[in-house]
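Asker: Numbered by the numbering used here, the letters in the sequence shown go through residues 1 to 419 in order.
Once you've had a glance at the structure underneath, I'll fire off some questions.
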Amino acid sequence: MSSIFNHTKLNPLKINAFLLQLMAFVLPLSKRLMPVLIILWVVNSLFFIGLNKKRLVKQAKPSMLILLYVLYVVWFFISPYKDSAMFDLEVKLSLLLFPLGFYFTGNYLPKRNQIFKSFIYGITVGLTGLIFRALYYYIAQNETLYFTYSEFSLYMHTSYYAMYVCWALFLLISNYFSSNVKRFFSSGIIYLFLGLLFSGAIFLLASKTGIIAWVLLMLYAVVLYYLNTRKIIPIIALFSTLALMFVALVNVNNKLLLRFREAYHVLVADDSGKAFSSTTARAKIWPLAWELIKKNPVGYGTGAEKETLKAKYLANGMTVAYEKGLNAHNQFLQTGLALGWLGLLLLIVLFSRFIYLGYKYDEWFLFGFAIITIINFITESMLETQAGVIFFAFFYSLLDAYFMRDYSHLQKKTVFLRR
Numbered sequence: 001m002s003s004i005f006n007h008t009k010l011n012p013l014k015i016n017a018f019l020l021q022l023m024a025f026v027l028p029l030s031k032r033l034m035p036v037l038i039i040l041w042v043v044n045s046l047f048f049i050g051l052n053k054k055r056l057v058k059q060a061k062p063s064m065l066i067l068l069y070v071l072y073v074v075w076f077f078i079s080p081y082k083d084s085a086m087f088d089l090e091v092k093l094s095l096l097l098f099p100l101g102f103y104f105t106g107n108y109l110p111k112r113n114q115i116f117k118s119f120i121y122g123i124t125v126g127l128t129g130l131i132f133r134a135l136y137y138y139i140a141q142n143e144t145l146y147f148t149y150s151e152f153s154l155y156m157h158t159s160y161y162a163m164y165v166c167w168a169l170f171l172l173i174s175n176y177f178s179s180n181v182k183r184f185f186s187s188g189i190i191y192l193f194l195g196l197l198f199s200g201a202i203f204l205l206a207s208k209t210g211i212i213a214w215v216l217l218m219l220y221a222v223v224l225y226y227l228n229t230r231k232i233i234p235i236i237a238l239f240s241t242l243a244l245m246f247v248a249l250v251n252v253n254n255k256l257l258l259r260f261r262e263a264y265h266v267l268v269a270d271d272s273g274k275a276f277s278s279t280t281a282r283a284k285i286w287p288l289a290w291e292l293i294k295k296n297p298v299g300y301g302t303g304a305e306k307e308t309l310k311a312k313y314l315a316n317g318m319t320v321a322y323e324k325g326l327n328a329h330n331q332f333l334q335t336g337l338a339l340g341w342l343g344l345l346l347l348i349v350l351f352s353r354f355i356y357l358g359y360k361y362d363e364w365f366l367f368g369f370a371i372i373t374i375i376n377f378i379t380e381s382m383l384e385t386q387a388g389v390i391f392f393a394f395f396y397s398l399l400d401a402y403f404m405r406d407y408s409h410l411q412k413k414t415v416f417l418r419r
């Protein structure tokens, strides 16, 4: 392989590694640059087809992401809203391009840790910029608004960015405790600093799903720490530090407290009718979306979800939801509306596969990615925007490609115990 490429000035192997790492770095920073990088990477992956001819035919297995995209293409023809359907296919094109690119590339992949580390660098650079931006407005104008919620999240919607940061935190924790891979950083101080930076950012973003995922990540870290050290005092010290940090951040960012109070009133105090907020919207939209899915198990067609929901909003007197054109705020329901039971089932199988394989083979990257994205899929229609669909398609395809490459070497044993 290397001898073949040595005759060319531009080595596709090195270009592939460079572009994968660059995409991982840019993903949390720039929505405009990502489509260009994706196209360049897919074009470069075509150079590997000649080297993978036998494998491409012998091991041809359709990716579940490709199957999902094919369903959207087929359901395009039953959609009464062709313009919306075409736009939907364009947004979701990553579901096709990433699996194809990794399929063409085959086993010629760079080290997975290099890509993960690049993503962590991208998150770190982005958060550093956001914090300095917020500090500038605080010092220059005595304005704390830029430490909070959407004003803090410059790059994308807070829920999406919180998901990115949670995934980076999961990668950081897993790498630190893993016994069979090289560590990202030589110093434990760097891990601690980045862990605190990522945790603080999740609270500043004030995303409820982000906080829920963060709590699960802390439990994950505690379990791994205890299994490796059998010490309890550092765990108590860690939680005390995190509790103090939480109190400090709530004082800076009261939006966080307001959002959880709002969720409490909707879910516990049955106060959903007094205001139209993100939580009350979901509490009203989800039953309507589920009702529509049951009414038409085949689905309403690609891109038809928005207009179908708007008609339902109007019929139920939900004028604010109608005027805003709100989607289902749940990707499972959103997919069910477009593709019916078949699409919904495929989406569930996508995640079930990662959870099963991750648990069976101790591939906790699969398991962790599935859990973090499921949490966000429950409260957001993540595949309806570029920030959500590219993140999901990129890392799902990447994790799947590495798992399939290493499948025969994987054993059912715990890799998180340092001996």
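All C-beta atoms in this analysis are idealised placements derived from N, C-alpha and C, irrespective of residue type, glycine included.
The structure presented is a predicted model; accordingly, all values stated were derived computationally and were not measured.
1. Figure out for me which residue from Pro28, Ala311 and Lys117 has the closest Cα to the Cα of lysine 182.
2. Would the segment 209-217 and the segment 369-388 be scored as touching if the rule is three or more Cβ pairs under 8 Å?
3. Looking only at its chain, what residues have a beta carbon closer than 6 Å to the beta carbon of alanine 24, apart from the 5 residues adjacent to it on each side?
4. Would you call the segment 35-48 and the segment 123-133 touching, i.e. three or more CB-CB distances under 8 Å?
5. Among Tyr146, Glu143, Ile202 and Gly106, which has the Cα closest to the Cα of valine 165?
6. Restricting to Cα atoms, I'd like to know which of Ala281, Phe170, Met163 and Leu196 is closest to asparagine 376.
7. So what does DSSP say about valine 165, is it helix, strand or coil?
8. Taking only three categories from DSSP, how would you classify glycine 303?
9. Please report the residue range of the alpha helix (DSSP H) in which serine 79 lies.
10. Tell me the start and end of each unbroken alpha helix (DSSP H) in the segment 306-373 that is at least 4 residues and wholly inside, in chain order.
11. Find out if the Cβ-Cβ distance for the pair aspartate 83, tyrosine 72 is shorter than 9 Å.
12. Compare the C-alpha of tyrosine 361 against each of Phe391, Met404, Gly336 and Asn327 and name the closest.
13. Given a cut-off of 9 Å on the beta-carbon distance, is the pair proline 435 and isoleucine 49 in contact?
14. What residue range does the alpha helix (DSSP H) around glycine 106 cover?
15. Following a CB-centred definition, is isoleucine 285 positioned closer than 8 Å to any heavy atom of the ligand HEM?
16. What residues in its chain sit with their C-beta under 7 Å from that of threonine 158, if we drop five residues either side in the sequence?
Answerer: Walking through what the data contain:
1. Against the sequence shown, residue 182 aligns to sequence position 182. Residue Lys117 is the option with its Cα nearest to lysine 182.
2. yes
3. In the sequence shown, residue 24 corresponds to position 24, counting from 1. The residues are Ile115, Ser118 and Phe119.
4. no
5. Mapped onto the sequence shown, residue 165 falls at position 165. When each option's Cα is compared against that of valine 165, the closest is Ile202.
6. Walking along the sequence shown from the start, residue 376 turns up at place 376. Among Ala281, Phe170, Met163 and Leu196, the Cα nearest to that of asparagine 376 belongs to Met163.
7. To locate residue 165, count along the sequence shown from 1; it is residue 165. Helix.
8. Numbered from 1 along the sequence shown, position 303 holds the residue referred to as residue 303. It is coil, neither helix nor strand.
9. Within the sequence shown, the letter at position 79 stands for residue 79. Where serine 79 is concerned, there is no enclosing alpha helix (DSSP H), given that its DSSP letter is neither H nor E.
10. 319-324 and 331-360
11. Numbered from its first residue, the sequence shown carries residue 83 at position 83. Numbered from its first residue, the sequence shown carries residue 72 at position 72. Against a cut-off of 9 Å, the Cβ pair of tyrosine 72 and aspartate 83 comes out as no contact.
12. As a working mapping, residue 361 is identified with position 361 in the sequence shown. Minimum Cα distance to tyrosine 361 is reached at Met404.
13. With the chain covering 1 to 419 only, the question about residue 435 has no answer from this structure.
14. As a first step, residue 106 must be located in the sequence shown, where it is residue number 106. Unbroken run through glycine 106: none, as it is neither H nor E.
15. In terms of ligand content, the structure shown is empty, and the ligand HEM therefore cannot be addressed.
16. The sequence position of residue 158 within the sequence shown is 158, counting from 1. Cβ neighbours of threonine 158 beyond the five flanking positions: Tyr149, Ser150, Leu205, Ala206 and Ser207.
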